[in-house]
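**Q**
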Amino acid sequence: MKRNYFFTMLVAVLLAVAGANAQESAEFRPAELAGIWQLCHYVSEIPDVPGILKPSNTFKVLSDDGRIVNFTMIPGKDAIITGYGTYQQLTDSSYKESIEKNIHLPMLDHKDNILEFEIGDDGVMYLKYFIAKDLNGNELNTWFHETWKRVGMPAKFPEDLVR
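Under mature numbering (1 follows the signal peptide of the UniProt record, and there is no 0), the letters of the sequence shown match residues -22 to -1, 1 to 141, in that order.
1. When the Cβ atoms of the segment 64 to 81 are set against those of the segment 49 to 56, are three or more pairs found closer than 8 Å?
2. Which residue comes first and which comes last in the beta strand (DSSP E) that contains Pro33?
3. Report all residues from its chain with a CB closer than 8 Å to the CB of Leu93; omit the five preceding and five following residues, and keep chain order.
4. Is DSSP giving Met51 helix, strand or coil here?
5. From the DSSP output, in three-state form, read off Leu86 for me.
6. Can Val32 and Val21 be called in contact, C-beta distance under 8 Å?
7. Please classify Trp121: is it buried, with 16 or more other beta-carbons within 10 angstroms of its beta-carbon, or exposed?
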């Protein structure tokens, strides 16, 4: 009887340890999402060639504390915040933006938006997200693709930069 009890307890402990290890291996690998990202577009003079990546005047700030702010710099004028909220990584290749306010895509106000991402070796992040309906409730059912480049700090201040 004691022997059966011992083996039953041993099996229970082994199953508990195996279950805990399985849960640990199911977790995702945190990506380096935090930073300042600049929206870019591929520009080409030839229709069938993607072209070269050119920066735009729109930025995304993903902070270490889980906050997100999107802003656009208007040349010769002020910069404006176009959206803000929080973000949280969900898997190895997706994160959730919980949008509080977005003047560019107001249909996302007070909603969660799941974005699939891939970060390349060259500091470029490829985002893909789905929007089902526009602000008026019309069906869009469209995937949007964006390319963002991480903003870095050079070793020294550029001599030809006009501030």
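Cβ atoms here follow ideal geometry from the backbone N, Cα and C, with glycine treated the same way.
**A** Quick look at the numbers:
1. no
2. 30 to 40
3. The beta carbon of Leu93 lies closer than 8 Å to those of Ser72, Tyr73, Lys74, Glu75, Leu105, Lys106, Tyr107 in the same chain, with the five residues before and after it left out.
4. strand
5. Three-state result, Leu86: helix.
6. Note that residue 32 corresponds to Lys in the displayed sequence, not to Val. Yes.
7. Answer is exposed; the Cβ neighbour count stays below 16.
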